[in-house]
Structures are given as C-alpha cells and as structure tokens.
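In what follows, a structure is listed as structure tokens, so that the remarks can point back to it.
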Amino acid sequence: MACTNEKNMIINKTEVMHGSFTVEEDDVGPPPPNFVSRFKTVNEWLTFTAENDKPKKAIFEYQFDVFEGENDYTLCLTGINTYDVSKTYQRAKIEFMPSEMYFPIPLNDYKGLTKAQVFDYLTTQLDGFLKSSKFKNSYFSKAKSIKTGWKGEIWSNK
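Residue numbers (our numbering): 1 to 158.
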C-alpha cells in the first residue's frame, strides 16, 4: 500500500562529516630491570597506595596496565585527567604516579595459566579491592572510573 498523504511521511536525514579527532596520551615506561616489590598481593599493594599516596589534585580516571616480560607480568597504576584542548583534540595527562606504581605479579599466581587466564585473574584481584571498604573510603572512589588496559572500564562512579 502506497502512502499518498505527505503528512504521514517520515524523512530521516543523515549528515556525514569527514574529519579527524585526536587524543594525545601520556605514556609510562616499564619498571626497572629486576624490579622487586615489597608487597605480596595486589590487595596489599593497593591498600598501601590508598593509605600512603594521595594525588595533589582530583583524578578523573585510574588506569591499570600490564607490562609483559618473557616470563613475568607487572601491573602499573596511574591517575589520568583528560582535557579538551579544542573540538577535535583531547589531551590525556598522567597526573598521578604513586610512589609504588608497579607491582610484579608473583609467579605462583599465574604459573600454568594462559595469557587470557592471567588477565581474568588480575581482573578478579582488582574487583576484590574495588569491593573493599578500603577502596570505598579512599581517594580511588572519588574518581569517575577505574579502567584496565585489557578490559576497559571495570568500575564507574555514576
């Protein structure tokens, strides 16, 4: 059945604009060779950080990344603020690096695991901290989000 009444017609217009959007991000280097941590667990490391380091300014997002060696994994924690420089340009700056920003994952925690299983294990460890009262009462919970380099956002302050 054809529509002959123009009042009943719906016209969708789509405007396509070509251009670019740039996001410039700070980068952190790997830990020093043969780095050793005084902490035994992810929770112990993050609890120390929550109790002993405090950003000088509000942090929008905390980011966990992993440095992978031949036979090891090291977590890295940074605090990032993103600024709109223009309509087409954002600058993501690392504005918090805790005194203990690296944590090498103990071999016994990932021995025999595939890479995917290691990342699942790390996510579980981080989730445990995010559910703790230590997290809820710390500056971490004031951020808008917590992200990982392998899974994206794992917590949001909505």
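We put the CB at the ideal spot given by N, CA and C, even for glycine.
Open item on the list: Per DSSP, what are the beta-bridge partners of residue 150 in this structure?
Closed with: None; residue 150 has no bridge partner.
Open item on the list: Here's the rule I'm using: 16 or more other beta-carbon atoms within 10 Å means buried, otherwise exposed. How should residue 113 be labelled?
Closed with: exposed
Task: Cutoff 8 Å; reference residue 144; Cβ partners in own chain excluding five residues on either side - done: 60, 61, 156, 157
Task: Beta-carbon separation (whole angstroms), residue 118 vs residue 89, contact threshold 8 Å - done: Actually they are not in contact, since the Cβ atoms of residue 118 and residue 89 sit about 35 Å apart, beyond 8 Å.
Open item on the list: Quick check: the Cα distance between residue 52 and residue 98, rounded to an integer number of angstroms?
Closed with: 9 Å
Task: Whole-angstrom distance between residue 28 and residue 75, CA atom to CA atom - done: 12 Å
Open item on the list: I'd like the span of the beta strand (DSSP E) that includes residue 24, first residue to last.
Closed with: 22-25
TODO: Just the C-alpha distance for residue 5 and residue 131, rounded to the nearest angstrom, thanks.
DONE: Its pLDDT being 42, under 50, residue 5 is placed unreliably in this model, and the coordinates cannot settle the point.
Task: Separation of residue 63 from residue 153, as counted between CA atoms - done: 9 Å
Open item on the list: On a Cα-Cα basis, can you pick out the residue from 133, 123, 30 that is closest to residue 67?
Closed with: 30
Task: Backbone CA spacing between residue 57 and residue 24 [nearest angstrom] - done: 20 Å
Open item on the list: When you measure from the CB of residue 71 to every non-hydrogen atom of the ligand SAM, does any distance come out below 6 Å?
Closed with: As presented, the structure is devoid of all ligands, the ligand SAM included, so that no description of it is given.
Task: Nearest residue (CA-CA) to residue 79, options 50, 106, 107 - done: 50
Open item on the list: Taking the straight line between their C-alpha atoms, what separation do you get for residue 122 and residue 87?
Closed with: 36 Å
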